[in-house]
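Let me begin by presenting the structure, written as structure tokens, before commenting on it.
Residue numbers (my numbering): 194 to 341.
Here's what the structure looks like:
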């Protein structure tokens with residue numbers, strides 16, 4: 194009986210190998226776009242500053258931190274956590290804070306431009322942090338409009 198089953202299987206395999214196959218594959222663009230949107234949505238609640246370099250997987254930048262007034266020294270000046278400029282003496286620097294790098298995605302989420310860093314830029318609809326593993330889902334450009 195096992196010989197009969199094996200023979201039937203063999204005939205079925207031979208018959209299926211000779212039949213033509215027509216298959217339609219969907220575009221990967223929709224899947225890539227959905228992945229990019231998920232990357233943005235996953236980090237919209239990330240804390241602005243961490244005090245450990247590997248506290249999370251969000252793209253961050255090290256900046257001098259002044260704990261007396263909770264002031265962050267950015268390339269453009271001193272800022273408090275609400276994004277307000279700080280003009281007084283910030284006191285003694287004590288360590289480093291790892292602040293969010295902010296990006297602005299284009300309309301179809303295929304490209305992002307670097308917008309700046311938190312706290313100068315607060316989390317919002319046009320400024321978003323990105324998960325480090327998601328950077329491969331985007332083209333990072335100075336201007337997404339000029340891409341071909």
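C-beta atoms are modelled at their ideal positions from N, C-alpha and C, and glycine is treated no differently.
The structure presented is a predicted model; accordingly, all values stated were derived computationally and were not measured.
Neighbourhood of residue i by C-beta, 8 Å cutoff - its chain only, sequence neighbours within 5 removed
i, result
"residue 339", "In this prediction, residue 339 has a pLDDT of 47, which is less than 50 and means its spatial position is unreliable; nothing more can be read from the coordinates."
"residue 274", "241, 242, 263, 265 and 312"
"residue 332", "303, 304, 305 and 340"
"residue 258", "242, 244, 264, 265, 266, 286, 287, 288, 289 and 290"
Residues near residue i by beta carbon distance below 6 Å, same chain, minus five either side
i, result
"residue 309", "295"
Same chain, Cβ closer than 7 Å to residue i, neighbours up to 5 away in sequence not counted
i, result
"residue 337", "299, 304 and 306"
"residue 335", "306"
"residue 320", "295, 297, 308 and 314"
"residue 239", "249, 251, 293 and 322"
"residue 146", "In the structure as shown, the chain begins at 194 and stops at 341. Residue 146 is therefore absent and cannot be evaluated."
For residue i, the residue or residues it bridges with in DSSP
i, result
"residue 305", "298 and 333"
"residue 258", "265"
"residue 273", "264"
"residue 253", "293"
"residue 243", "291"
Member of the options whose CA lies at the smallest distance from the CA of residue i
i, options, result
"residue 317", "332, 334, 293 and 325", "293"
"residue 315", "326, 202, 272 and 204", "272"
"residue 254", "199, 282 and 246", "246"
Distance between beta carbons of residue j and residue i, contact taken as under 8 Å
i, j, result
"residue 289", "residue 256", "7 Å"
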